[in-house]
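The sequence shown begins at 1006 in our numbering and counts up by one.
What follows is one structure encoded as structure tokens, with my remarks underneath.
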Amino acid sequence: MSRTTEQIRWTIRDLDVLPQSEGTRYELIDGELFVTRSPHRKHQQVSGKIFSALDDWSVTSQLGQAIPAPGIVPSDADNVIPDVVWVSAARLSQIEDEAGHFTGFPELVVEVLSPGESNLRRDREAKLKLYSIQGVQEYWIADRWAQRLEIYCRDRGQLILQVTLLATDDLTSPLLPGFRCRVGRLFV
């Protein structure tokens, strides 16, 4: 007799019954549950510096908003909390519900890597695929140990690695006209 084991698919309703504690974060990607602890202080500092650079530019340009760690719930099987996002003013009105939650994805999503194989797999594979499917225009992955920033851009319907920037490089983006930031500034 053969047995077929089906993978359990979690939904956002299932998250309501999981234990809630300060420092535990639950994310769903295509029904797969990812559980992580609060990030390391240095992870948070890198996220903060990226947010600050994007926020400064956004205040000046008035083209959109940088937002730290927003919850994005586009479906019953997906619920993610990117480290930082940037959303244009026009897109914000399309994806934000009355409660201030995102039901769709912004143009730019940023993740700062955390140690561990499951964390790396989540950010480099599962989230890359989800963000690609959901129409994100740019995805930045910040590696605080190597002090580098990987820039994925939409090309023929999917996010493709365009460039890896090092500490001495300047970060620019076609989404953010006039934005410029030395990559090394994000990691000090």
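The beta-carbon is built from N, C-alpha and C at its ideal position, and this holds for glycine as well.
Through-space distance from residue j to residue i, alpha-carbon basis
i: L1166; j: I1013; result: 31 Å
i: F1110; j: T1016; result: 18 Å
i: K1054; j: D1019; result: 34 Å
i: R1185; j: V1022; result: 44 Å
i: I1138; j: P1073; result: 22 Å
i: C1158; j: T1029; result: 30 Å
i: A1131; j: L1125; result: 9 Å
Cβ-based burial, residue i [other Cβ within 10 Å; buried from 16]
i: P1182; result: exposed
i: D1061; result: exposed
i: A1104; result: exposed
i: E1116; result: buried
i: W1145; result: buried
i: Q1142; result: buried
i: A1058; result: buried
i: V1168; result: exposed
i: S1080; result: exposed
i: R1127; result: buried
i: G1069; result: buried
i: S1123; result: exposed
i: R1096; result: buried
In DSSP terms, what residue i is bridged to
i: S1080; result: D1083
i: S1093; result: G1069
i: Q1163; result: D1160
i: T1041; result: R1030
i: V1188; result: According to DSSP, which records beta bridges pairwise, V1188 is partnered with nothing at all.
i: T1169; result: E1155
i: L1176; result: C1186
Distance cut-off 7 Å: residue i Cβ against heavy atoms of the ligand MN
i: K1047; result: Because no ligand of any kind appears in the structure shown, any question about the ligand MN cannot be addressed here.
**Q.** Length-filtered (4 minimum) alpha helix (DSSP H) runs lying within the segment 1096-1152
**A.** 1122-1126 and 1132-1138
Q) Between the segment 1167-1181 and the segment 1023-1036, do three or more beta carbon pairs fall short of 8 Å? A) no
Q. For the 8 Å Cβ check, are there 3 or more pairs between the segment 1091-1103 and the segment 1063-1080?
A. yes
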